[in-house]
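The structure appears right after this line, and notes come after that.
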Amino acid sequence: MCSLFRRSSASAILLAVGVTGSTLASTIISAPASAQINSSPTPTTPSDQATPPANQAPTTPSDQGTPPANLTPTTPSDQGTPPANLTPTTPSDQGTPPANQVPTAPQTSGTNFSDVGQDYWASPFIQALAARNVIAGFPDGTFKPDQPVTRAEFAALIQKAFNQNPVRQLSAGGFSDVSSNYWAAAAIQRAYEMGFMAGYPGNVFRPNQQIPKVQAIVALTSGLGITSSNASPDILTTYYTDASSIPSYALNNVVAATQTNLVVNYPDVKTLNPIGALTRADAAAIFYQALVKQGQMQPIASNVAASQYVVAGTSTGTPTTAQANTIVNIAASSNSFTTLTSLLQAAGLTDTLQQPGPYTVFAPTDQAFAALPKSTLEKLQRPENRDALVKILTYHVVSGALPAEQLTTGEQKTLEGSPVKIKTSRDNQVRVNKAKILQSNVQASNGVIYPIDKVLLPPDVKLSQLQGGGSNGGASDIDVGRATRGGSSYIGVGGNIGLTGNSDLGDGNFAVISKLGLTRNFSFRPGAVIGSNPVVLLPITYDLNRRSQGSFGLGAFSISPYIGAGIAIDTGNGADVAALVTGGIDIPLGSRFTVNGSVNAAFFDDTAVGITVGIGYNFR
30 MCSLFRRSSA SAILLAVGVT GSTLASTIIS APASAQINSS PTPTTPSDQA
80 TPPANQAPTT PSDQGTPPAN LTPTTPSDQG TPPANLTPTT PSDQGTPPAN
130 QVPTAPQTSG TNFSDVGQDY WASPFIQALA ARNVIAGFPD GTFKPDQPVT
180 RAEFAALIQK AFNQNPVRQL SAGGFSDVSS NYWAAAAIQR AYEMGFMAGY
230 PGNVFRPNQQ IPKVQAIVAL TSGLGITSSN ASPDILTTYY TDASSIPSYA
280 LNNVVAATQT NLVVNYPDVK TLNPIGALTR ADAAAIFYQA LVKQGQMQPI
330 ASNVAASQYV VAGTSTGTPT TAQANTIVNI AASSNSFTTL TSLLQAAGLT
380 DTLQQPGPYT VFAPTDQAFA ALPKSTLEKL QRPENRDALV KILTYHVVSG
430 ALPAEQLTTG EQKTLEGSPV KIKTSRDNQV RVNKAKILQS NVQASNGVIY
480 PIDKVLLPPD VKLSQLQGGG SNGGASDIDV GRATRGGSSY IGVGGNIGLT
530 GNSDLGDGNF AVISKLGLTR NFSFRPGAVI GSNPVVLLPI TYDLNRRSQG
580 SFGLGAFSIS PYIGAGIAID TGNGADVAAL VTGGIDIPLG SRFTVNGSVN
630 AAFFDDTAVG ITVGIGYNFR
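In this text, residue positions in the sequence shown follow the working numbering: the first is 30, and each later residue adds one.
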């Protein structure tokens with residue numbers, strides 16, 4: 030074997046490392062900041078509702094406006110805190126929400142509103158945002174979904190829901206109708222500086238004016254930088270029967286919002302009602318869709334009634350409903366459920382939870398699994414403990430989709446056979462056995478998910494009786510063919526794309542791929558590129574944790590990167606042996622199959638580099 034360190038070798042290493050490195054990026058989905066809508070409706074004339082903010086209008090006389098003056102910042106004690114005094118009677122009290130309309134503090138998961146029933150059209154939007162403390166209800170336990178939202182309240186919701194970088198700055202002058210001690214002064218300042226909202230001619234903001242739906246759409250698309258994809262405003266007639274009522278200044282914004290599924294129309298999906306006042310239910314719906322656009326919420330599933338009101342502008346003709354996602358896909362797309370996703374695959378339950386169901390899943394987070402005794406996860410993935418793993422996982426699943434309002438104190442029978450105990454506290458905190466529900470009503474196309482902070486154990490399963498493992502947690506115990514933290518072992522076929530070199534690895538050829546898990550972290554991946562002189566690849570790889578990724582229209586998915594080294598044997602040159610470096614990704618397709626892509630560099634006299642892509646059948 031000749032020198033392993035020629036110039037071509039160095040180039041190949043850089044190429045292999047570069048391609049492999051590109052697979053390691055993970056998608057981080059950050060949770061939105063909490064927000065709430067405060068209420069102080071001050072009706073305005075219809076003509077006021079159609080008037081756009083100053084910097085969002087064209088220069089036609091009816092829509093024209095000038096840039097607002099600067100807003101005076103408030104002290105920390107004034108920021109966004111609505112006073113609790115009664116209806117204002119003096120100018121100094123302007124805009125103070127009446128005492129009976131001030132929302133309560135953000136409520137915890139399991140929140141129920143007496144006026145938002147399970148069958149209310151906006152219930153999924155309202156419950157999901159309330160569970161994440163994005164919006165809140167009132168002291169009397171109501172949400173008042175049909176109550177109009179004022180511009181000040183809309184600014185307060187923007188301040189809490191989004192954390193965009195400022196795009197402009199306000200001077201000390203402020204709006205003439207927003208005093209420095211006004212309850213929403215800080216929120217109005219942030220909404221302006223982030224580019225969401227602006228003022229009216231005459232240096233006024235009109236904080237108590239009800240905000241029309243079209244202004245809300247313009248504000249969200251402007252602040253989030255959502256633009257249309259070269260579509261003519263004429264396409265709006267395809268989606269809305271009242272498209273002619275949309276003000277000219279807002280046409281492009283409505284096109285952009287339509288194309289990105291921000292618009293929600295109730296009761297008729299084809300009636301926008303652009304000049305009508307935005308209600309609290311409307312606000313919950315469009316803010317939910319905006320957070321979906323940012324990747325911070327999951328789309329409403331197609332089997333949920335609310336989805337029929339989402340205008341899907343990505344279609345070529347008639348609007349469609351939001352894209353569905355199964356329980357398994359939602360778990361795989363979240364950085365909070367990587368361990369659960371891996372265990373579902375190891376137990377062979379992914380296909381089950383892809384079925385129509387519906388199911389209710391109490392889903393332990395990664396932190397919940399991390400709190401288990403050392404070595405437990407390792408033992409649970411062993412073949413001899415598969416029955417115990419199945420029992421544990423099915424103990425987290427209840428048949429039927431249970432909305433938050435049905436999670437009342439009592440018992441629910443699980444698929445494992447034993448019941449779990451539901452307990453609701455006085456502060457609306459819901460627990461399953463001793464686990465706290467962290468978020469309610471995460472909707473899936475085949476059920477609902479409730480993230481929990483502890484792993485539930487069936488009465489007849491004892492972790493201390495699991496087989497296998499040692500004092501070091503089993504991380505170094507070799508079990509050939511086992512699943513690793515990157516997924517199942519497999520064997521399959523594919524093809525090779527040659528990049529450099531004179532061997533079969535450097536040419537386009539048929540390929541055989543495989544993965545044999547050795548420990549939790551390491552795998553042996555024998556393979557071959559088969560041409561006139563087959564090249565055998567024998568690498569040992571270090572398997573990295575599974576990482577969730579986005580969707581290409583086929584649902585969410587995850588990738589499992591790996592890197593490694595070993596030897597390559599060229600059978601056509603007297604069994605020439607060379608050093609080998611490799612790197613790639615595995616993409617699980619349910620519990621049966623895995624797609625693999627890898628880059629291999631073998632340092633023969635003429636360094637050979639090839640890209641192999643194939644599909645494997647999972648056997649453990």
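Even glycine gets a Cβ: it sits at the ideal position worked out from N, Cα and C.
A201 to A185 span [Cα, whole Å]
20 Å
For Q288, which three-state DSSP category applies?
helix
Assuming G446 and K544 make a contact with CB atoms under 8 Å, what is their CB distance in whole Å?
Their Cβ separation, rounded to whole angstroms, is 35 Å, which puts G446 and K544 out of contact at 8 Å.
Hey, how far is the Cα of D206 from the Cα of N281?
30 Å
Is the separation between the beta-carbon of Q389 and that of V333 shorter than 7 Å?
The identity of residue 389 in the sequence shown is Thr, whereas the question assumes Gln. No, Cβ-Cβ distance for T389 and V333 is not below 7 Å.
T10 (DSSP reduced to helix, strand or coil)
Not covered by the structure: residue 10. The range shown for the chain is 30 to 649.
Endpoints, alpha helix (DSSP H) assigned at S371
367-376
What are the start and end residues of the alpha helix (DSSP H) that includes P568?
Segment 564-572 is the beta strand (DSSP E) holding P568; no alpha helix (DSSP H) there.
What is the rounded straight-line gap between the Cα of A504 and the Cα of T548?
Residue confidence is low: A504 scores 46 on pLDDT, short of 50, so the model does not pin down where it sits. No coordinate-derived value is stated.
Strictly by DSSP, which residues pair up with N1?
Any question about residue 1 goes unanswered here, given that the chain covers just 30 to 649.
Length of the line joining the Cα atoms of N141 and G231:
43 Å
Hey, could you find the ends of the beta strand (DSSP E) Y388 is sitting in?
388-393
With a 10 Å radius around its C-beta and 16 neighbouring C-beta atoms as the bar for buried, classify I329 as buried or exposed.
buried
When the Cα atoms are used, what is the spatial distance from Y269 to N302?
9 Å
Less than 7 Å between the beta carbons of I21 and R180, yes or no?
Lying before the first or after the last residue shown, residue 21 is absent from the chain, which here runs from 30 to 649.
Drop a sphere of 10 angstroms on the beta-carbon of D615, count the other beta-carbons inside from all chains shown, and report buried for 16 or more, exposed for fewer.
buried
Give the straight-line distance between the Cα atoms of S627 and G515, rounded to the nearest whole angstrom.
14 Å
Span separating the alpha-carbon of A213 from that of F167:
18 Å
Is the segment 157-176 close to the segment 192-200, with three or more CB pairs under 8 Å?
no
Can you give the Cα-Cα distance for Q458 and I466, rounded to whole angstroms?
8 Å
Distance, Cα to Cα, M226 vs L291?
17 Å
Do A637 and S532 have their beta-carbon atoms positioned less than 7 Å apart in this structure?
yes
Among the candidates V484, G305, G228, whose CA atom is the shortest distance from the CA of T368?
V484
Taking the straight line between their C-alpha atoms, what separation do you get for K189 and Q468?
18 Å
Please classify R161: does DSSP put it in a helix, a strand, or coil?
coil
Starting from A631, follow the beta strand (DSSP E) in both directions and report where the run begins and ends.
622-631
Looking only at its chain, what residues have a beta carbon closer than 7 Å to the beta carbon of L618, apart from the 5 residues adjacent to it on each side?
V624
For N550, which residues of its own chain have a beta-carbon under 7 Å away from its beta-carbon, when the five flanking residues on both sides are left out?
A504, T513, R514, Y571, D572
Distance CB(G439)-CB(I451) smaller than 7 Å:
yes
Do you know how far the Cα of S589 is from the Cα of N574?
6 Å
Distance, P262 Cα to P568 Cα:
57 Å
Among A245, L158, L431, whose alpha-carbon lies nearest the alpha-carbon of V317?
A quick correction: the sequence has Tyr, not Val, at residue 317. Answer by Cα proximity: L158.
Backbone CA spacing between A285 and T250 [nearest angstrom]
7 Å
A631 versus I596: straight-line alpha-carbon distance, rounded
8 Å
Grouping DSSP H, G and I as helix and E and B as strand, with all else coil, what is N282?
helix
In whole angstroms, what is the alpha-carbon distance linking Y221 and A248?
10 Å
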